[in-house]
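Trainee: Take this structure first; my questions come after.
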Amino acid sequence: MNIFIGNLPYKIQESELRELFEDYGELTSLKIITDKQTGQSKGFAFAEMPDRESALKALDDLNEAEIYGRNIVVKEAEERPKNTARPGGYKGGFTKK
């Protein structure tokens, strides 16, 4: 199960987050999303747990848990739309006369 972790404190380390989730079962991946230019955390992460029951237990227990004074959000990650372009293409705002 792919898990979204939001409202993370900027100072949290991946190792701390990994330890928190590994208490619930195997963690196949964990990625704190960072700004490409500054390298600073954007305050959210994604984790992958192969066992759905373990993942659901983690969601239930860790959602709204306080870490460094912030209540984190833990929920099942939603699929991103594959194409956000609108049908019809870009017309440029010009009209025919």
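Counted from 1, the sequence shown has number 89 at position 31 by the numbering used here; the numbering is strictly sequential.
Backbone N, C-alpha and C fix where the C-beta goes; we use that ideal spot for every residue, glycine too.
1) Let me confirm a value: residue 82 is counted as buried when at least 16 other C-beta atoms fall within 10 Å, else exposed. Which label applies?
2) Could you check if residue 80 belongs to the surroundings of the ligand MG, using beta carbon to heavy atom distance under 6 Å?
3) Could you give the residue range of the alpha helix (DSSP H) that holds residue 116?
4) Does the beta-carbon of residue 135 have 16 or more other beta-carbons within 10 angstroms, so that it is buried, or is it exposed?
5) Measuring alpha carbon to alpha carbon, tell me which residue in 75, 87, 90 is nearest residue 120.
6) For residue 68, which residues from the same chain have a beta carbon less than 7 Å from its beta carbon, with the 5 sequence-adjacent residues on both sides left out?
7) Suppose you measure from the CA of residue 125 to the CA of residue 118; what does that come to, to the nearest Å?
8) Is it buried or exposed, residue 91, if we count other Cβ atoms within 10 angstroms and call 16 or more buried?
Mentor: Let me lay it out:
1) Along the sequence shown, one-based indexing puts residue 82 at 24. It is buried - the Cβ of residue 82 has at least 16 other Cβ atoms within 10 Å.
2) For the structure depicted, the ligand MG is absent and the ligand set is empty, with no information on it obtainable.
3) Translated into positions along the sequence shown, residue 116 becomes position 58. Start and end: 110–120.
4) Looking up residue 135 in the sequence shown gives position 77. With fewer than 16 Cβ atoms within 10 Å of its Cβ, residue 135 is classed as exposed.
5) Residue mapping note: residue 120 aligns to position 62 of the sequence shown, counting from 1. Ranking the options by Cα distance to residue 120, first place goes to 75.
6) Taking the first residue of the sequence shown as 1, we reach residue 68 at position 10. Counting only Cβ-Cβ distances below 7 Å, and skipping sequence neighbours, we find 98, 99, 101.
7) Counted from its first residue, the sequence shown places residue 125 at position 67. Counted from its first residue, the sequence shown places residue 118 at position 60. Rounded to the nearest angstrom, the two C-alpha atoms are 16 Å apart.
8) The sequence position of residue 91 within the sequence shown is 33, counting from 1. Exposed, since its Cβ has fewer than 16 Cβ neighbours within 10 Å.
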